[in-house]
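Have a look at the structure below, then the notes.
Number of protein chains: 2
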Amino acid sequence: MSDIPEEYLPLIAHVQKRVSFSDTEIRTFIEAFQVKKIKKRQFIIQPDFVATHRNYVVKGALRGYTVADGGQENTIQFAIEDWWISDYNSYIYQKPATMFVMALEDSVLLQIDHRAEEQLKQSGQKFETFFRIMGERSTAYMQRRIIRNLTLNAEERYEEFIKNYPLIAQRVPQYTLASYLGMTTESLSRIRNKRVHKKS
Amino acid sequence: MSDIPEEYLPLIAHVQKRVSFSDTEIRTFIEAFQVKKIKKRQFIIQPDFVATHRNYVVKGALRGYTVADGGQENTIQFAIEDWWISDYNSYIYQKPATMFVMALEDSVLLQIDHRAEEQLKQSGQKFETFFRIMGERSTAYMQRRIIRNLTLNAEERYEEFIKNYPLIAQRVPQYTLASYLGMTTESLSRIRNKRVHKKS
């Protein structure tokens, strides 16, 4: 498969880790995806518009967030290399989104649109299996997040995050991380300073 | 299919709304489930034990919750008739649970165990499709919950809950609802009293 553009190689590795596809199946799978290059600060999803795509990150970093009436931002999702991002409630039901999804860095995505995904699922059981695994793992991930939000204090939520996602913690702006963890930027700053002093 | 025990009829209706199964497929599907009757206060999942089953509620009400070191309880999930409940992070990965799942009323469940579910998924594409739809909808449901928890104040979270799930709000103890909404029982009580006075 030496003629495959290099942007697709991480997605192929990602898929083969989950379901064993033949070369033909891999080709069918990746043909449903288009390469999309976006600049830092560019939006791929906005509230009130239907999220048309599911997005796999080849390179870069993105953030999904809501903006309240008073202007306060809440980060719902981050995505860096080898992660997926969309407004899933919007994408799955094809209803208007409630989130923005914006690039935090210049990024390269592989995008599949809703209709192409439906066709892929219908065209063979293994494709269905792949998206079933995606759905199950997202459910498990979000359950862990709901439990952490309800049960841990701010300091514990931060510790847990940098343990599980050290690469994201280093790359995203402090105010986006604070709003993901459900705390103010000042609280996050205090927690980080306290840790630095503990270590030294 | 007049020989099918009546406990299975709600599950059959539930499945047929999502995927169109033949009579034979429906039989294969429901044969993977066992009827389980449990008494009020009985546990079906406990922390540190792997959640062996996915549970469909034929009758009754259940609650999934965590208990913090200090004894504080946080409700992660409710389930009444026609809902599913488990510790999904535990069930999907077959790792130790972090939640309790307890009956709030005498309940009748249909249970499928992890191995039977895997066999069912492998035995035909439509079964895979059904569980894929379950995973996707759980993801969307949990995303809505994460957004509400991060963006709404206590009063708004309560209003949203009773609008979306009026039947659950009426049936579960006040302290379990308060902990689901991430507030104290006193706050929930204040919010409920305020509403009663507004209406009268």
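Protein sequence lines correspond, in order, to chains A and B. This note's numbering puts the first residue of the first sequence at 158, with every later residue one more than the last. This note's numbering puts the first residue of the second sequence at 158, with every later residue one more than the last. Backbone N, C-alpha and C define an ideal beta-carbon position, used for all residues, glycine too.
Kindly list the residues whose CB is nearer than 7 Å to the CB of residue i, restricted to its own chain and excluding five residues on each side of it in sequence; keep chain order.
{"i": "R175 (chain A)", "result": "F287, I290"}
{"i": "A273 (chain A)", "result": "A189"}
Indicate whether residue i and residue j have their beta-carbon atoms separated by less than 8 Å.
{"i": "V207 (chain A)", "j": "Q173 (chain A)", "result": "no"}
{"i": "I233 (chain B)", "j": "Y222 (chain B)", "result": "yes"}
{"i": "L266 (chain B)", "j": "Y213 (chain B)", "result": "yes"}
{"i": "Q419 (chain B)", "j": "S344 (chain B)", "result": "This structure cannot settle anything about residue 419 (chain B), because the visible part of chain B is limited to 158 through 357."}
{"i": "A254 (chain B)", "j": "Q191 (chain B)", "result": "no"}
{"i": "Q268 (chain A)", "j": "H210 (chain A)", "result": "yes"}
{"i": "M256 (chain A)", "j": "D244 (chain A)", "result": "yes"}
{"i": "T185 (chain B)", "j": "S336 (chain B)", "result": "no"}
{"i": "P162 (chain B)", "j": "D239 (chain B)", "result": "no"}
{"i": "M299 (chain A)", "j": "Q300 (chain B)", "result": "yes"}
{"i": "K216 (chain A)", "j": "S159 (chain A)", "result": "no"}
Please list the terminal residues of the continuous alpha helix (DSSP H) segment that includes residue i.
{"i": "T185 (chain A)", "result": "180-188"}
{"i": "E230 (chain A)", "result": "Looking at the DSSP string, E230 (chain A) is not in any alpha helix (DSSP H); the run it does join, the beta strand (DSSP E), is 230-236."}
{"i": "I103 (chain B)", "result": "Only positions 158 to 357 of chain B appear in this structure, which leaves residue 103 (chain B) out of reach."}
{"i": "V172 (chain A)", "result": "166-175"}
{"i": "Y298 (chain A)", "result": "282-308"}
{"i": "T333 (chain A)", "result": "331-337"}
{"i": "P253 (chain B)", "result": "P253 (chain B) -> no alpha helix (DSSP H), and no H or E assigned at all."}
{"i": "I319 (chain B)", "result": "311-321"}
Grab me the residues of residue i's own chain with a C-beta within less than 6 Å of its C-beta, minus the 5 sequence neighbours each way, in chain order.
{"i": "E285 (chain A)", "result": "K278"}
{"i": "A218 (chain A)", "result": "I237, L261, E262, R328"}
{"i": "T333 (chain B)", "result": "R220, T232"}
{"i": "D205 (chain B)", "result": "P253"}
{"i": "D432 (chain B)", "result": "Because residue 432 (chain B) is not part of the residues shown, which for chain B are 158 to 357, the question remains open."}
If I follow the unbroken beta strand (DSSP E) through residue i, where does it start and stop?
{"i": "Y213 (chain B)", "result": "210-216"}
{"i": "L266 (chain A)", "result": "264-270"}
{"i": "Q191 (chain A)", "result": "191-195"}
{"i": "V224 (chain A)", "result": "219-224"}
{"i": "A260 (chain A)", "result": "257-260"}
Can you round the beta-carbon distance between residue i and residue j to whole angstroms, since I take them to be within the 8 Å contact cut?
{"i": "N246 (chain A)", "j": "A297 (chain B)", "result": "4 Å"}
{"i": "E317 (chain B)", "j": "R305 (chain B)", "result": "6 Å"}
{"i": "S165 (chain A)", "j": "I187 (chain A)", "result": "According to the sequence displayed, residue 165 (chain A) carries Tyr and not Ser. Their Cβ separation, rounded to whole angstroms, is 5 Å, which keeps Y165 (chain A) and I187 (chain A) in contact under 8 Å."}
{"i": "I183 (chain A)", "j": "I169 (chain A)", "result": "6 Å"}
{"i": "F319 (chain B)", "j": "A326 (chain B)", "result": "For the sequence presented, residue 319 (chain B) should be read as Ile rather than Phe. Indeed they touch by this definition, with Cβ atoms about 5 Å apart."}
{"i": "Q338 (chain A)", "j": "R302 (chain A)", "result": "Looking at the sequence provided, one finds Leu at residue 338 (chain A) rather than Gln. In fact, because the Cβ distance is near 10 Å, the residues do not count as touching under 8 Å."}
{"i": "T308 (chain B)", "j": "A225 (chain A)", "result": "6 Å"}
Near residue i, what residues of its chain come up, given a Cβ to Cβ distance below 8 Å and the 5 sequence neighbours on each side ignored?
{"i": "E275 (chain A)", "result": "none"}
Residues in the stretch 302-325 of chain B having any Cβ partner in chain A nearer than 8 Å: R302, I303, I304, N306, L307, T308
Residues of the stretch 191-216 of chain A whose Cβ lies closer than 8 Å to any Cβ of chain B, in chain order: none
Cβ-based contacts, 7 Å cut-off: residues of the stretch 245-263 of chain B near chain A: Y245, N246, I249, Y250, T255
Residues, ordered as in the chain, of the stretch 225-242 of chain A that lie near chain B by beta-carbon distance below 9 Å: A225, Q229, N231, T232, I233, Q234
Members of the stretch 328-340 of chain B near chain A, C-beta cut-off 7 Å: G339
Residues, ordered as in the chain, of the stretch 175-189 of chain A that lie near chain B by beta-carbon distance below 7 Å: none
Contact list for the stretch 288-301 of chain B against chain A, Cβ threshold 9 Å: F288, R289, I290, M291, G292, E293, R294, S295, T296, A297, Y298, M299, Q300, R301
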